[in-house]
Amino acid sequence: MSLRPRFVALVVVAGLVPLACSSNENTIRPSDTTTGTIDRSTSTTSTVPRSESTEPGTTGDDGIPGLWLATGSGIVDSDGQVWAEPKAGETLRNPIDDGVGGVAYLRCIADRVTCTIEDARTRGKVPAVLGEADTLLAAGSYQQRRVLLTSWTDPSLVPSFEANVSGLVARLVDMDSGQVTPMLGWFGWETGPFSGDVESDRFATCLGEGEVCQAGTAIGMTPFVPIVGREPATVTSLALDPGATRLTWIETEPMAGVVTAVVADLATANVAATVLSSPTAEPADDAVTDGTWVAIRTGAEVEMVQLGPDGVRGTVEVPDDVAEMAIRTAGGGGAANDIL
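Just so we're aligned, residue 2 is where the sequence shown starts under the numbering used here, counting upward by one.
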C-alpha cells in the first residue's frame, strides 16, 4: 500500500512562504549526518492489553506511553477508555495530545471538510469548543500561550490556479480563549504543509506537493529556512521539543517498509537519521512522533520506539478500525490529516 502524505492541498493561499531564505544564519547543514538501524535483538518488546489502565499523561509499567486513537466509536485511548463519542451523522477525527492530559480533535458532520474543534481535557467532562478547523496540525506554544496550529478553509478566498491561490489558510487557535491568529500563507494551489508544529515561538513544517516535502523552521512570522542535509521526502509527522532547539520528523518510502527518524539540532546544525524499520517490513499505515517516541502502526499493531541509543521498543495492540493516532504525552507536535 502506498503511504501518501497525510495532508494534500487541493485548494491552497496566495504568497506561499518560500523555503529558501537569503540569510544562512538558521540553516541546518549536514555537518554531522549519520544513518543507522536500531538493533532489534536488544530491544524490549511487550504487548499492552487495551484493558490495562494507566494514569492520564503517564506511561505504563513498561515505560511505553499511551496513544490517542480515532476509531469508528470515537476518540479513545490505548487503554480502551472512550473520551468522545460521535452523534448520529458525525465522525470524530484528527486526535492531538493537548499537553495537559487530554486530547483535542475535530467533530465533523457528514462529509464536511471544516469541522468543530473540541478539547476533552478530562474524560467524562464536557469538552471545550474552540472554533473551526479543517485540520489540527499540532498543539504547542506561541507568545507564552497554549495554541493549536490548524488549517482552515477561508470562504472569502477565491481559488485560482493562475494566481496560485487556494481557499486554505493556516491559523493559530488559543486553547484557553479560542482567539484566532492568522498565519503567513503556507498554501499554494497544490502545495502546503504535510505536517507542522510550534513551540516557544518557533514554527516548523514540511512544505511540498505530491509525495514529498522539505522540512524547515521559522522564528515567529518570518519566512521558513530549509533544513539542509536531507532530500525532500514523504514526511508523515514532525515535532519540536518544548524549547524549540531540536526538530524530529518521520520519513517513509511509498510501497516500502522503510521508516526513518530524522533529528535536526537547531543550535548546532547537526542532522542525524536512524532507520527504524527495514525495506522488507510491511508498509506502515501510519507513523507519528512526539520528538521522543515514534509510533508505527501496521493494521492493529503499533510498534513504539523510543529514540536514542538505548531506546525501548514495545508493541501495543489497538482496534482494527483505527483511522488516525497520536502519541499521548505532554508534548506538542503532530501530523497533518486528510481533509478530503
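All C-beta atoms in this analysis are idealised placements derived from N, C-alpha and C, irrespective of residue type, glycine included.
Assign residue i to one of three DSSP states: helix, strand, or coil.
i, result
"Met-326", "strand"
"Val-226", "strand"
"Pro-255", "coil"
"Gly-102", "coil"
"Pro-280", "coil"
"Ser-196", "strand"
"Ile-65", "coil"
"Gly-244", "coil"
"Thr-117", "strand"
"Glu-86", "coil"
"Val-130", "strand"
"Asn-271", "coil"
"Arg-108", "strand"
"Glu-232", "coil"
"Ala-71", "strand"
"Arg-124", "coil"
Specify, as a first and last residue, the run of the beta strand (DSSP E) that residue i falls within.
i, result
"Leu-138", "136-143"
"Ile-220", "213-220"
"Gly-75", "75-78"
"Ser-238", "235-241"
"Ala-262", "260-266"
"Ala-205", "203-210"
Let me confirm a value: residue i is counted as buried when at least 16 other C-beta atoms fall within 10 Å, else exposed. Which label applies?
i, result
"Glu-325", "buried"
"Gly-292", "buried"
"Ala-301", "exposed"
"Asp-322", "exposed"
"Thr-261", "buried"
"Ile-118", "buried"
"Ser-23", "Unreliable placement is indicated for Ser-23, whose pLDDT of 33 sits below 50; the coordinate value is still reported in the next sentence. That one is exposed."
"Met-222", "exposed"
"Ala-89", "exposed"
"Thr-123", "exposed"
"Val-226", "buried"
"Val-77", "buried"
"Ser-238", "buried"
"Met-256", "exposed"
"Ser-167", "buried"
"Ile-145", "Position check: residue 145 holds Gln in this sequence, whereas Ile was assumed. Counting Cβ neighbours within 10 Å, Gln-145 comes out exposed, since fewer than 16 surround it."
"Ser-157", "exposed"
"Ser-152", "buried"
"Arg-368", "Since the displayed the chain opens at 2 and closes at 341, residue 368 lies outside it and no answer follows."
"Glu-26", "Residue placement at Glu-26 is flagged as unreliable, the pLDDT there being 39, under the threshold of 50; the coordinate-derived value follows with that caveat. Exposed."
"Asp-311", "exposed"
"Val-306", "buried"
"Gln-73", "First, the amino acid is wrong: residue 73 is Gly here, not Gln. Exposed, by the Cβ-count rule."
"Glu-304", "buried"
"Ile-228", "buried"
Can you list the beta strand (DSSP E) stretches of 3 or more residues lying completely in the segment 132-193, in chain order? 136-143, 146-154, 169-175 and 181-183
Taking only runs of the beta strand (DSSP E) that begin and end inside the segment 287-320, which ones reach a length of at least 3 residues, in chain order? 287-290, 294-299, 302-307 and 314-318
May I ask you to verify whether the segment 134-142 touches the segment 199-216, counting CB pairs closer than 8 Å and requiring at least 3? yes
Assess contact between the segment 274-287 and the segment 175-184, defined as three or more Cβ pairs (one per stretch) separated by less than 8 Å. Is contact present? Output reads no: the segment 175-184 does not touch the segment 274-287.
Does the segment 161-169 come close enough to the segment 103-113 to have 3 or more Cβ pairs within less than 8 Å? no
Any chance the segment 168-176 sits against the segment 242-252, with 3 or more Cβ pairs inside 8 Å? no
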